[in-house]
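Colleague:
Numbering (my numbering), first residue to last: 60 to 149.
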């Protein structure tokens, strides 16, 4: 999504996309706690894991991603559904 990383969020068609950063890094505690306060029951409708076309999903990468998602779920108090989006070569 062009501009999402730079602007940190985008909005359109009644949808808000929030850039969450890399699953390999520590999640932004303040961001996820603020999201939890905004919508207590379901802070996020989902998480999209964007993968470049050059990335092969290995067990090691999957395990690392799972660990990052568990940290996010803990901060949110909610386990959001996750979608994988593999980018194609242009």
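Beta carbons: idealized from backbone N, C-alpha and C, even for Gly.
What does a CB cutoff of less than 8 Å around residue 135 pick up in its chain, not counting 5 residues either side in sequence?
Modeller: In the same chain as residue 135, and ignoring 5 residues on each side of it, the C-beta atoms closer than 8 Å to its own belong to 91, 94, 95, 102 and 103, in chain order.
Colleague: Using a 10 Å radius around the Cβ and a threshold of 16 neighbouring Cβ atoms, would you call residue 71 buried or exposed?
Modeller: exposed
Colleague: How far does the beta strand (DSSP E) with residue 71 in it reach, from first residue to last?
Modeller: 68 to 71
Colleague: So, with DSSP's three-state summary, where would you put residue 108?
Modeller: strand
Colleague: Could you compute how far the alpha carbon of residue 124 sits from the alpha carbon of residue 79?
Modeller: 13 Å
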